[in-house]
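Heads up, the thing below is written out as structure tokens.
There are 2 protein chains.
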Amino acid sequence: MHHDRMNEPVPAAALMALAAVLGDRVTTSRDLCRQHANAVSWLPVEPPEVVVWPVSTADVVAIVRIAAKFNVPLIPFGAGTSLEGHVNAPCGGIALDMSRMNRVVAVRTADLDCTVEAGVTRGDLNRHLRDTGLFFPVDPGAETATLGGMASTRASGTTTVRYGTMADNVRSMTVVLADGSVIETGTRAAKSAAGLDLTQLFIGAEGTLGIITELTLRLHPVPQAIGTVVAAFETMGAACEAAMMAVTSEPLIARLELLDALTIGAVNRKSALGLAEGPSLFIEVHGARATIDTHIEALDSLLRDAGASRCQRASALEDRTRLWRARHDAFWAVCEAWPGRSAVVSDACVPLSRLSDCIIATQADIRDYSLVAPIVGHVGDGNFHAIVMVDPSDVSEMARTNTFLDRLGRRAIAMGGTCTGEHGIGQGKRELLALQAGPALPVMHAIKRALDPSNILNPGKIF
Amino acid sequence: MHHDRMNEPVPAAALMALAAVLGDRVTTSRDLCRQHANAVSWLPVEPPEVVVWPVSTADVVAIVRIAAKFNVPLIPFGAGTSLEGHVNAPCGGIALDMSRMNRVVAVRTADLDCTVEAGVTRGDLNRHLRDTGLFFPVDPGAETATLGGMASTRASGTTTVRYGTMADNVRSMTVVLADGSVIETGTRAAKSAAGLDLTQLFIGAEGTLGIITELTLRLHPVPQAIGTVVAAFETMGAACEAAMMAVTSEPLIARLELLDALTIGAVNRKSALGLAEGPSLFIEVHGARATIDTHIEALDSLLRDAGASRCQRASALEDRTRLWRARHDAFWAVCEAWPGRSAVVSDACVPLSRLSDCIIATQADIRDYSLVAPIVGHVGDGNFHAIVMVDPSDVSEMARTNTFLDRLGRRAIAMGGTCTGEHGIGQGKRELLALQAGPALPVMHAIKRALDPSNILNPGKIF
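Chains as they are written, first to last, in the working numbering: chain A, 1 to 463; chain B, 1001 to 1463.
As structure tokens, then:
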């Protein structure tokens, strides 16, 4: 769909109009433009021509009106941590850096909600909430991910098995449409049956339908008590089987992570944790003080019955922290374990019963294509990542990586799953989306055309 | 938007085309047409001209193609239990009775999901699941509600505080579009970041964007143990305050229902339960055998601290059943308490902190307008119903009821909530939707036009 755009440079009159509204919050600096393009994936860097820093919804309205008038692409930019080229500018245009829209507008503890500007990071929000007894659970890894970006990519992560994805934790958003009009997508009520769900329409739309400027988020009570169990298994199949049993029988599971033997090895080398080097589950339980130990004991014996060769449990903060550091550091541990290589990270998500088959087939592919690719997963959701450690100058290896990732996406789709559980489509997975959606793809196109007929909003992504 | 339709009768050629596909599964019988129009609300009955009984997605495709060719409205019909005129035929046309699409296609226990045809009722599904250890939690009241209808109205109910609404429990749907094409809206993965969320677009669309023919639903493990606490309070304010405290501090709450004093009185008269006649909370906790009593005790003392004048608890099945019968029978108890009157039921949903204010202001209105209207609520979600017991022949009372309901919707919107938490817009709440959505309403219209340009799908609803 982005081929229907002419690649004209942003006209000088548009730059003047932007400067008139934003003063020095506009730049065409090559360095700054480059910093606002894709930086964390294998996709080529395609910088925008202009970067602007709005500080209010009114600023975004003015910017969108100028872009519409001059038919210039707009690319919303949060923290740049997305993985599929979402912030690239294949048709040129203006990057909207949302980082200065970073106010927490309101926290309403009695309503278990808050309203934030789109540039607030999830780390900053949780620091802001520290004394309220509440927290925002969605954890995609990057501390600096912005809540607007997380909504745009329908992010999720380690806590999704209990607390859901961004889709489950956004009540409403303020969105600026392609014509400059401003809408509120929903209300602050916990649920609504009032017409089409526009909140869910803009979540995961990757900035192609409108620019998110504010979000009202659902908050959760900080659990009274937290317990952890870490269990190592002989085989990947046994670990996946145990994960399925745990999900079905233990209602308090808040995190259920899988690390393969390669990842555990990397973590051990980085942090000297002495973990058993087999496929391992890291499980966190959130519950009540009076009963947490009972739940941890039940989980521990379930995992042993399921064949865990080694099982450690912890409820004291320092013990938990030590164990979860392994999970949190996994990506960096993997990067350090293969110095001089770069990480190409992809994800897939399949029905639980197919998880073991999917991971085992993926590992076979990794061997067959002579790749190095540790696997880490949010397996309570059937979601996992392959972290391919590549030498970007090795043309053959990059080609094999490409084929491997394509096969991974196709395998997940064939198993009734999705080519991406949490990273999004961006530029990188458009062919896989076409395969996955089939006759539903024209419906997405029809909605895009209805809301952004000139295709100025993040062209070249999803569609 | 339905005024742009001409009210032409269904042409004879269309009837012949339908009969050629469906044989005797087509009727123009006045009685049958009348049975397929709104029967349970205060809105006028507007019967369709034709009723058809598809038995497959292919049948629905054929029906939609005929309707498109002859420009005839199509009104999907589940069980006819919706409350806002969703199944009326204000522009005439064809009712699609989905009751013969009632097969459970697959139950996949390991994936915690199942696939059903749209006409399967929630009661039948749960009976089908009886020996699997799994259940489908969404409980809008009516046992006979179909899963397709529940998805179309974004239904929810007593268990939503724990298990979510239909939006949280549908993974994917098969939908026939206005041009007869068939799409699958999603996958069977627990989550996906692959493009626009079409599943959420069709949920709550009330049949205006497509005809749902199959659904893949998320299932949940039957809880090991269930406990109940019922608590009566002196005032509505105290009951609402206690509900908020319970929601924040007890993670295992699966139902949190409010019955006002009038409702408790009606229930006592019907079933001689001897409940204390004040505003009361009915709370159900779903948890593990080993810890359920600890949770029930904690909840009991929380409710007493919050001012409960009387508190009963039960974990044995017969005791629980006795107490929950009061909640389940509430609607019928109210109907019996005012014989000769009809129930006009409406709902609203507000942020938790406004629930008490909203209910108290609503009760003041009930007095001021000289109405009889017990209040029952899913207050864990901030959602409540007013059951106005009217004499439909009393023109003044009907006018006062209308004004009262309009004020209720506006009050909920003004408090940051929604004019309907679970009943939907249908014909009855279109003005309130326009008020609530404001500049977002044209976005809904744009999507409707993009997907159903001839407005043949359930015209006169939502839009």
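Note that CB positions come from ideal geometry on N, CA and C, so glycine has one too.
Remember, it's a predicted structure, so these values are computed and weren't measured experimentally.
Could you please give the first and the last residue of the uninterrupted alpha helix (DSSP H) stretch that includes A474 (chain A)? Nothing in the structure corresponds to residue 474 (chain A), since chain A is present only between 1 and 463.
Pick from A:S56, A:G80, A:S82, A:L96: whose alpha carbon is nearest that of V72 (chain A)? A:L96
Can you check which of these residues, B:M1415, B:R1410, B:I1456, B:I1387, is closest to W1042 (chain B) by C-alpha distance? B:I1387
Using the DSSP secondary-structure output, state which residues sit across from Q312 (chain A) in a beta bridge. A:V230
CA-CA distance, I1425 (chain B) and L1457 (chain B)? 15 Å
Answer with buried or exposed for T1321 (chain B), where buried requires no fewer than 16 other C-beta atoms within 10 angstroms of its C-beta. exposed
Cα separation between A1118 (chain B) and L1219 (chain B)? 16 Å
Sort out for me which residues DSSP pairs R218 (chain A) with in a bridge. A:D113
With distances taken between CB atoms, is the gap from V1175 (chain B) to L1217 (chain B) smaller than 8 Å? no
Residue range of the beta strand (DSSP E) that G1377 (chain B) falls in? 1375-1378
Interface positions of the segment 1059-1087 of chain B facing chain A (Cβ-Cβ less than 8 Å), listed along the chain: none
Consult DSSP for I212 (chain A) and reduce its assignment to one of helix, strand or coil. strand
To which residues does DSSP link D97 (chain A) through a beta bridge? A:F77
Look at the Cβ atom of I1063 (chain B), then the Cβ atom of V443 (chain A), and state whether they are nearer than 8 Å. no
Please state whether DSSP places M173 (chain A) in a helix, a strand or coil. strand
List the residues of chain B that T418 (chain A) touches, going by C-beta distances under 7 Å, in chain order. T1187, A1189, S1192, A1194
For a cutoff of 8 Å on Cβ pairs, would you count E422 (chain A) as touching chain B? yes
Are the CB atoms of C349 (chain A) and S1192 (chain B) within a distance shorter than 8 Å? yes
Under 8 Å, with one C-beta from each stretch per pair, do the segment 231-239 of chain A and the segment 140-152 of chain A reach the 3-pair mark? no
Are at least three pairs of beta-carbons, each pair with one atom in the segment 197-206 of chain A and one in the segment 1192-1212 of chain B, less than 8 Å apart? yes
Just list the beta strand (DSSP E) runs in the segment 127-207 of chain A, keeping only unbroken ones of 3 residues or longer that don't cross its boundaries, in chain order. 170-176, 182-184
By alpha-carbon positions, which one of A:K448, A:P374, A:G421, A:L74 ends up nearest to Q436 (chain A)? A:G421
Return no unless some Cβ of chain B is closer than 8 Å to the Cβ of P459 (chain A). no
Listing by chain order, which chain B residues have their CB less than 9 Å from the CB of G287 (chain A)? P1251, L1252, T1291
Is there a C-beta anywhere in chain A that falls below 8 Å from the one on L1433 (chain B)? yes
Are the segment 1402-1421 of chain B and the segment 408-420 of chain A touching by the rule of at least three beta carbon pairs closer than 8 Å? no
Per DSSP, what kind of secondary structure is R25 (chain A) in: helix, strand or coil? coil
Checking contacts by CB at 8 Å: is P1439 (chain B) closer than that to chain A? yes
Measuring alpha carbon to alpha carbon, tell me which of B:R1341, B:S1156, B:A1246, B:V1267 ends up nearest D1305 (chain B). B:A1246
Would T403 (chain A) be called buried (16 or more neighbouring beta carbons within 10 Å of its own) or exposed? exposed
Would DSSP call V1107 (chain B) helix, strand or coil? strand
Indicate whether at least one CB of chain A lies closer than 8 Å to the CB of H963 (chain B). The displayed coordinates of chain B run from 1001 to 1463. Any statement about residue 963 (chain B) would go beyond what the structure contains.
When the Cα atoms are used, what is the spatial distance from H1328 (chain B) to S1346 (chain B)? 17 Å
Would you call P1459 (chain B) buried or exposed, if buried means 16 or more other Cβ atoms sit within 10 Å of its Cβ? buried
Quick check: what's the CA-CA separation for P1009 (chain B) versus G1085 (chain B)? 21 Å
Is it true that the CB of L209 (chain A) sits closer than 8 Å to the CB of K448 (chain A)? yes
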